[in-house]
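Under full-length UniProt numbering, the first residue of the sequence shown carries the number 1, and numbering increases by one thereafter.
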Amino acid sequence: MTPEGSVFNRSLQSSPNGSFFNVDPSSDSYLENKSFQIFFYFVYAFIFVIGTVGNGFVVAIVFGNRPMRTPRNIFMANISLTLILMCLVQLPFTLPEVFSQAWNFGGIACHLVSIARGVIPSVLTLTLMAITIDRYFLINYPSNPPLERSTVVGIISGIWTFAIIASLPMVLFTTYAVKDDGTGMCGLSWTSEA
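Right under this line is the structure:
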């Protein structure tokens with residue numbers, strides 16, 4: 001069967017704009033399309049479950065089994081803990097905010113999610129950087145002693161401290177406001193009125 005004859009391609013060809021959801025991509029109307037929303041809620045639910053359970057297993061294996069608490073595995077457990085935090089703090093709020101174009105969760109959640117959106121990527125990036133540096137020294141200087149567990153815990157503590165401090169402006173300048181129509185809005189306001 002040629003690609004032009006597949007059911008998927010025929011359905012795209014029969015759509016006025018060639019999209020699966022049959023909406024105009026140049027407008028925000030796709031956000032209001034119920035099949036689009038349902039599809040993405042299922043995708044996010046799948047990511048939430050797999051991300052939470054899978055990373056939970058990694059954390060349980062590393063911290064539940066003493067021989068698995070190697071310095072490199074502790075780095076991996078830190079990544080898993082950070083991804084669990086992302087699944088629990090960021091994912092549940094993202095789609096409702098995007099689809100409703102409003103923040104319906106109140107001011108406290110607005111500030112918590114705001115700091116999480118700054119801290120989580122920073123921790124992930126800095127942890128990957130620490131793993132990369134560790135690998136570099138391990139490969140290029142094999143006679144040097146490997147990292148100790150206490151050193152890795154100190155590095156991870158430093159990563160979290162730096163990420164939180166670097167994300168403080170996000171908390172200080174995050175504003176939650178309710179418009180006249182009752183719609184909540186959460187976002188960064190870099191003006192002095194924040």
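Just so it is clear, CB atoms sit at the ideal spot from N, CA and C, and this is done for glycine as well.
No experiment lies behind these values; they were computed from the predicted model shown.
Buried versus exposed call for residue i [16 or more other C-beta atoms within 10 Å across all chains shown]
{"i": "glutamate 32", "result": "exposed"}
{"i": "phenylalanine 75", "result": "buried"}
{"i": "arginine 149", "result": "exposed"}
{"i": "alanine 163", "result": "buried"}
{"i": "alanine 45", "result": "exposed"}
{"i": "aspartate 24", "result": "Confidence at aspartate 24 is low in this model, with a pLDDT of 49, below 50, so its placement is unreliable and the value that follows should be read with caution. Under this definition aspartate 24 is an exposed residue."}
{"i": "serine 137", "result": "Position check: residue 137 holds phenylalanine in this sequence, whereas serine was assumed. Under this definition phenylalanine 137 is an exposed residue."}
Sub-8 Å separation of residue i and residue j beta-carbons
{"i": "leucine 175", "j": "glycine 184", "result": "Note on identity: in this sequence residue 175 is threonine, with leucine being the wrong assignment. No."}
{"i": "phenylalanine 48", "j": "leucine 91", "result": "yes"}
{"i": "valine 178", "j": "histidine 111", "result": "no"}
{"i": "leucine 88", "j": "asparagine 55", "result": "no"}
{"i": "phenylalanine 93", "j": "alanine 77", "result": "no"}
For residue j and residue i, the rounded distance between their alpha carbons
{"i": "glycine 154", "j": "lysine 34", "result": "48 Å"}
{"i": "glycine 51", "j": "glycine 158", "result": "25 Å"}
{"i": "alanine 166", "j": "valine 62", "result": "28 Å"}
{"i": "tryptophan 103", "j": "alanine 116", "result": "16 Å"}
{"i": "phenylalanine 127", "j": "leucine 81", "result": "Just to set this straight, residue 127 is threonine in the shown sequence, not phenylalanine. Each residue's alpha carbon lies about 12 Å from the other."}
{"i": "phenylalanine 57", "j": "asparagine 65", "result": "12 Å"}
{"i": "valine 152", "j": "valine 113", "result": "27 Å"}
{"i": "proline 146", "j": "isoleucine 120", "result": "27 Å"}
Secondary structure of residue i, DSSP reduced to three states
{"i": "threonine 191", "result": "coil"}
{"i": "alanine 102", "result": "coil"}
{"i": "glycine 184", "result": "strand"}
{"i": "threonine 125", "result": "helix"}
{"i": "tyrosine 176", "result": "strand"}
{"i": "leucine 147", "result": "coil"}
Heavy atom of the ligand ADP within 7 Å of residue i beta-carbon
{"i": "glutamine 101", "result": "The ligand ADP is not among the ligands present in this structure, which contains no ligands whatsoever."}
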